[in-house]
Structures are given as C-alpha cells and as structure tokens.
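The structure appears below as structure tokens.
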Amino acid sequence: MRIVYTIALVLLAFKIVLANPPRIVVTSPEIAEIVCALDAGEFIVGLTQECDYPTYLEEVEKVGSFGNVSFEAIISIQPTHVFISGLEQAHLKSKLQKISLPVYEFYPQSVASFLSTIAQLGELLNKESRARVVQDSLRNELAQLARSQPANSPRVYIEIYQNPIMSVSRDSFVGELVHLAGGENIFDSLPREYSRISPERVVEADPEVIIITYPGGSKEQMKNRRGWEVISAVRHERIYTVNDIDADIILRASPRLIDGIKALRELIYE
Amino acid sequence: MNKRALVNIILFTIIFVVMVLIYLRYDAASVHIIRAIRLPRLVLTFVCGFVLAGVGYTFQVLLDNPLAEPYILGISSGAAMGSIVASVLGLFLLMPLFGFAGALLSMILVWTLAHIGGYFSRTKLILSGIIIGLFFSSFISLLMYFNQKDIGHIINVLMGNLGYIFSHSEWNFFLILIFFIILIMIYLFFQAIRLQVLSTGDMVAHSLGLNVPALRKRLFILCSLLTGIVVSYAGIIGFIGLIVPHSVRFLQRGNQRINIVLSSFAGGIFLLFCDFLAMHLAVIEIPVGIITAFLGSPFFILLMLRNK
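Line order of the protein sequences matches chains U and G.
Here the working numbering is used: the first residue of the first sequence is 25, the next is one more, and so on.
Here the working numbering is used: the first residue of the second sequence is -12, the next is one more, and so on.
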C-alpha cells in the first residue's frame, strides 16, 4: 500500500513540475537581460521599471522600481523564482525568505562573475546548454576583442555622478570594460568600486578622454569647470556623454557588454 | 581696544596665515591647481565660516539665547530644500538660486508665523523657526524617499560640501556675491553695539531710543539672506555658528565691541581647519558637516552643562 502511495506522490510531483512553468520575478535590469538571453524571457512575470531591454519586456507587470521594490506586488504575482540584485535590494532577501519564496541574489561586479552568473541562472532555469552556448560565444568575442586591441592605452576619466563628482575603480564593471576596451582608467585604484573623487586628482592625471555616464551631463558644463581647461580631454574636446554612448550597455553586466566594449573602443581611439 | 583684544587679534591672524598656507600647500600640487581649484575652495570655505559665525553671534544676541545658531530659525531647511528640489529636477546649475529662493520662502513663513496673534516674542520666533524647519525637513525626507538615485546629491546638501565646482561665470558671480556679503557683514559689525543694547531687554532698549521692532526685522532679514547664500553653495554645516561665538567670548572675557568681528574671523579659520580635515582625514573626502558635528557635539554638551 505504501508503495502505491509513494508512486502516486511521485507521479503527482512529476505532473506539477512538468505542468507548471517557472514564474520569474526579476528586479534587476541586467539579470532580466541575461534571463532573456537564456531564452527564458517568456517566464518572466514581474519586473521593475528599469528593466527595459529587450523591449518586449515592457508589457510585463511591474513590481516597483529598482530602489523601491514593492514587496506586496511580488507576493501577489506568486512567483516560483525571485531574482534580486545586491546593494539596496539585499534586504529583500530576508523578507522574501520569511514567506518561503525562493529568492536568489545576483550582483556580478566583474566580467568573470558575470559569466558564472550566466551558468548559475542556466542551472536554476534548466537552460544549462543554452547558458553554455551564450558563455562560449561571449568568451570568443572577448578573446577576439583582446586580440585586436591597439598597442597604446589612452588615459580615460569616467564620471558617474555629478554632485559630488564620483568615478569608478578597476573593481567595478564599467572600469573593467574600459580596460578591456583599451583605455587606462585614471582612477584604477580607488578605495571602493564607486567612489567620490577630488577634482584636483582629475586635473593632475590629465585624462585624454572623458566619459560622462549620467543623463544630463553636458560637454559644455565640463569644459566650463574652472581649472579643468588645461586637461587634454577638454582642450581637444574628447568629452563623451550619453548622447555618444548608451550608458546601459557599459553599466549593466549583460550580454550587451560586447557592444559596450566596442562602443567604448570607438570613443577612446577616435 | 585693550591688551587682551589685541593679543587675540594677532593670535588669530597668525593662525589664519598658517592655516591658509597648510590648506594651499599640503600635498604639493601644481601652481595651476592651487590657483584654479584650491584657492576658490579656500575662499568659499572662509566666507562660509565667516558668515556662519557672524550670523550665529547675531542670533545669539538677537534671541537672547546662548544655543541659538543660524539654523535654529528654519532658514537652512528651506535653503536645503530649494537646493534639493533643483538637483532632483536635474537643474544643477540653478541649485544656488533655488536654495536662495527656499531661504526667502522659509524666512517669510517664519516671520509671519512669529507675528501671528498680533504680538511678537523671542520665544515665538524660535518656535516658528523650529516648526517651519521641521516642515521643510519632512519635505526633504519625502524627496529623498522618492528619488533614491539622487541620494548622493541630497546627502551632499544635508551634510555639507565645500567642494562646489565653479564654472567661470559662476565664479565671477560668486565674487560679486562676496562683495555684497562683506557689505552686509560690515553693517552687522556696526550694529553690534545696538545688539548689545537689545540684549538688555526690549523695554530697556526702547527706552534708550532703539527702534526695536525695526532693528530686529532688519537683522533677521539680513541674517536669513546670508544663511541662505551659504547653504545654497555649501549645504548645511552645523555647529560653527554655535561654538565659535562662544569660544571667542570665552577668550575675550568681556570685550564686547569687536566680539562679532573676531567671531566671524575665527569662524572662517575654524571652517578652514574642518574642511582640511574633511579632505585629508580619510581616504575619501568626508562631508564637512560630519567633522563640525564631531568637534561641535562635545562642545555643545559642555556649554549646556556650564549654563545650568
């Protein structure tokens, strides 16, 4: 009799697993891009507002914004997987775990951890083979980019915040991309990945290229900064804003990082 | 001017010169950087400290309250809110203007509220200031909650930041502003004598021929304008207006007339010191408001104990 019960239970579980596709809530735009690259985009049932790529994600129900995720919205969707980012979303993990929702935290801060995130997500979503394909393709493209890198490394200053001015170190994702693109980040070694910096250091380091990654930053404003007129990048007007490069492809750890590196390379070696 | 006052003036001047030299020459940089970046910062810092201490001294006498400082009357919250609204809207170049508008708004509100009911008292003024200040602070909190990505800008305003990056036109405008600040401060210095009379009490002051309401209004407006300007450029830097006037009074022991001038001077020097620490104490720059708070809080406690 016990055997009958066991078999019935197993069949039921099997049926449940087969019959119910995963329902995924993603709160981070980069994870959303990775999930879609793994051909699991159709299973996404909840997103934050900033998840705007691929564009078909616009129709998916929203659960708040990146900095303000709606706990209730997530619960009402009844997901089977919740993928959150680190930093300000880390507190969501304990909250969601308390109500037994499977929540996974992904915060890739380097190209290497980005590639392993693809593998981890592949495993979770039963898309291991697709994950391997994506990983291999990315690795090939990265290798190709490394091979075709020019010999010189122009000095680059990346400004990610205006008031106070902040830049990135080698440990940040965008810092690593700039390095892969061939540039030498003048703030390679900062105490944190994203850190406040002093305008004196920028003038001292004399970057040849300046990239402003926040919207609203303008070339004119930077040129007008008192004391900055002696910087090479300012003298030769090699200042690039979000009008010249899509910030999302260099700030997000997503498959589009290849496009990001190529776009950066174009700007750096113009 | 007696011997003690003279000694203090010489002492402060020496400290001032030393502080300026350290500020400019520490961590040797090129002449261009010193001239184009450090010097403007030094000027902004000194002016802010100068104004905050002078206004603090004036408020302490005006309100007959040793714990009064430029921020007690809610002007700083209004100015901070103005700056924050500008930054949240992305209008960074207009932060000083919006900040100043916020200061004006809170000044009008505080003054009106203090006169409700037809009569005025110092207590009512302080209470109005606190109420309006709280109101604007709540508004700031609301903005913080709904604009998480602008948290950096908001913290900058709330914790003080003397690293304002001037464009060429902004710097020229600021120089003109300094000219007016100096004019107003000189006016305040000359009012110092009247201030002393005011501190003996409204009735006595009036009987001595002083037009109390007019003077009070004038001083309130001028001090609010000055505070508004400082907060617009540098955010909220607390404790300078509180501890510097008291320290100078302590050093001077009764020589009233030039106290306000010395307080302002000392305020400028002290803020230079705090900003220097803010820039070089840790690996990255600490907001200067934190430094003044750390230095000022123990002093505040001491003051409260002494005034028991």
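From the three backbone atoms N, C-alpha and C, an ideal C-beta is built for every residue, glycine too.
Residue from the options with nearest C-alpha to residue i
i	options	result
Leu96 of chain G	G:Leu289, G:Val217 and G:Ile119	G:Ile119
Pro264 of chain U	U:Glu83, U:Glu290 and U:Val135	Residue identity differs from the one stated: residue 264 of chain U is Tyr in this sequence, not Pro. Minimum Cα distance to Tyr264 of chain U is reached at U:Glu290.
Val202 of chain U	U:Asn248, U:Arg259 and U:Ala287	U:Ala287
Ile169 of chain G	G:Leu195, G:Leu209 and G:Arg203	G:Leu209
Phe257 of chain G	G:Gln239, G:Asn246 and G:Ser234	G:Ser234
Trp252 of chain U	G:Ser154, G:His102 and G:Thr0	G:Ser154
Val135 of chain U	U:Val258, U:Phe197, U:Ile234 and U:Ala56	U:Phe197
Ile210 of chain U	U:Ser52, U:Ile269, U:Ala257 and U:Pro188	U:Ala257
Tyr174 of chain G	G:Ile127, G:Gly65, G:Gly255 and G:Leu213	G:Leu213
Val233 of chain U	U:Arg262, U:Ile221 and U:Pro215	U:Arg262
Ser125 of chain G	G:Arg203, G:His102, G:Asn148 and G:Ile71	G:Ile71
Asp268 of chain U	U:Gly240, U:Val93 and U:Gly65	U:Gly240
Gly65 of chain G	G:Leu84, G:Gly77, G:Ala55 and G:Leu78	G:Leu84
Ile300 of chain G	U:Leu116, U:Ile236 and U:Pro188	Past the boundaries of the shown model lies residue 300 of chain G; chain G is included only from -12 to 295, so the question cannot be answered.
CA-to-CA distance, residue j to residue i, given in whole angstroms
i	j	result
Thr141 of chain U	Phe130 of chain U	7 Å
Arg172 of chain G	Val38 of chain G	Per the sequence shown, residue 172 of chain G should be read as Met rather than Arg. Near 8 Å, if we compare the C-alpha coordinates of Val38 of chain G and Met172 of chain G.
Thr79 of chain U	Phe138 of chain U	22 Å
Lys(-10) of chain G	Ala16 of chain G	40 Å
Asn159 of chain G	Met246 of chain U	17 Å
Val5 of chain G	Ser108 of chain G	44 Å
Phe207 of chain G	Leu289 of chain G	28 Å
Ala23 of chain G	Ser118 of chain U	50 Å
Gly61 of chain G	Thr110 of chain G	14 Å
Ile292 of chain U	Ser193 of chain U	17 Å
Leu62 of chain U	Arg154 of chain U	6 Å
Ser191 of chain U	Arg205 of chain G	45 Å
Val254 of chain U	Val226 of chain U	11 Å
Ile108 of chain U	Asn134 of chain G	20 Å
Leu164 of chain G	Arg240 of chain G	34 Å
Phe263 of chain G	Leu162 of chain G	22 Å
Ser222 of chain U	Asp230 of chain U	13 Å
Leu71 of chain U	Ile274 of chain U	21 Å
Asn92 of chain U	Gln113 of chain U	9 Å
Pro94 of chain G	Ser211 of chain G	This sequence places Met at residue 94 of chain G; Pro is not what is there. Each residue's Cα considered, the two are about 7 Å apart.
Val18 of chain G	Ile182 of chain U	25 Å
Val180 of chain U	Pro103 of chain U	43 Å
Gly150 of chain G	Phe123 of chain G	24 Å
Ser278 of chain U	Pro57 of chain G	50 Å
Trp303 of chain G	Ala90 of chain G	The requested residue 303 of chain G does not occur in the structure, where chain G is confined to residues -12 to 295.
Tyr205 of chain U	Leu169 of chain U	With the sequence shown as reference, residue 205 of chain U is identified as Ala, and Tyr is not the correct amino acid for it. Rounded to whole angstroms, Ala205 of chain U to Leu169 of chain U spans 8 Å at the Cα level.
Cβ-Cβ separation, residue j to residue i (assumed contact under 8 Å), whole Å
i	j	result
Leu11 of chain G	Leu29 of chain G	7 Å
Ile223 of chain G	Val275 of chain G	Actually they are not in contact, since the Cβ atoms of Ile223 of chain G and Val275 of chain G sit about 10 Å apart, beyond 8 Å.
Gly306 of chain G	Gly86 of chain G	In the structure as shown, chain G starts at -12 and stops at 295, and residue 306 of chain G therefore has no counterpart that could be examined.
Ala253 of chain G	Val231 of chain G	5 Å
Asn52 of chain G	Ile113 of chain G	7 Å
Leu130 of chain G	Val75 of chain G	6 Å
Arg250 of chain U	Pro27 of chain G	6 Å
His105 of chain U	Leu148 of chain U	7 Å
Met82 of chain G	Ser219 of chain G	7 Å
Contact set between residue i and chain U, taken where Cβ atoms lie within less than 9 Å
i	result
Pro27 of chain G	Arg250 and Gly251
Phe123 of chain G	What Phe123 of chain G touches in chain U: nothing, since even the nearest Cβ is about 20 Å away.
Gly139 of chain G	Tyr185, Gln186, Asn187, Pro188, Met190 and Arg220
Ala23 of chain G	Val227, Arg250, Gly251, Trp252, Glu253 and Val254
Gly147 of chain G	The premise fails here: Gly147 of chain G is roughly 11 Å from chain U at the closest Cβ pair, so nothing lies under 9 Å.
Residues that residue i contacts on chain U, provided the C-beta gap is smaller than 7 Å
i	result
Asn143 of chain G	Asn187 and Pro188
Gln178 of chain G	Going along chain U, no residue has its Cβ under 7 Å from Gln178 of chain G, so there is no contact; the nearest lies around 35 Å.
His155 of chain G	Asn248 and Arg250
Gly222 of chain G	Going along chain U, no residue has its Cβ under 7 Å from Gly222 of chain G, so there is no contact; the nearest lies around 10 Å.
Lys136 of chain G	Gly91
Listed by chain order, chain G residues near residue i by CB distance under 7 Å
i	result
Val254 of chain U	His19
Gly240 of chain U	Gly77
Residue i: contacting residues in chain G (beta-carbon distance under 9 Å)
i	result
Glu294 of chain U	Simply none; closest approach about 25 Å.
Beta-carbon neighbours of residue i, restricted to chain U and to distances below 8 Å
i	result
Phe(-1) of chain G	Correct list: empty, because the minimum Cβ distance to chain U is about 28 Å.
Ile152 of chain G	Ile189, Pro223, Arg249 and Arg250
Chain G contact residues for residue i, given Cβ-Cβ distances below 8 Å
i	result
Glu228 of chain U	Ala16, Ser17 and Ile20
Cβ of residue i within 9 Å of any chain A Cβ
i	result
Phe33 of chain G	Looking at the structure shown, chain A is missing, and the protein chains on hand are U and G.
(message) At a CB distance below 7 Å, what residues from the segment 196 to 223 of chain U approach chain G? Give them in sequence order.
(response) Correct list: Pro215, Ser219, Arg220, Ser222 and Pro223.
(request) Could you please tell me which residues of the segment 83 to 106 of chain U, in chain order, have their CB closer than 9 Å to any CB of chain G? (result) Residues passing the 9 Å Cβ filter: Ser89, Phe90, Gly91 and Asn92.
(message) Beta carbons nearer than 8 Å to chain G: which residues of the segment 46 to 70 of chain U have them?
(response) Result list empty, no residue passes.
(request) Taking only beta carbons into account, state which residues of the segment 70 to 98 of chain G come closer than 7 Å to chain U, listed in chain order. (result) Shown in chain order are the members of the segment 70 to 98 of chain G whose Cβ falls below 7 Å from a Cβ of chain U: Ser74, Gly77 and Phe79.
(message) Against chain U, which members of the segment 267 to 283 of chain G pass a CB distance test of less than 7 Å?
(response) Only Val270, Ile271 and Glu272 from the segment 267 to 283 of chain G bring a Cβ to less than 7 Å from some Cβ of chain U.
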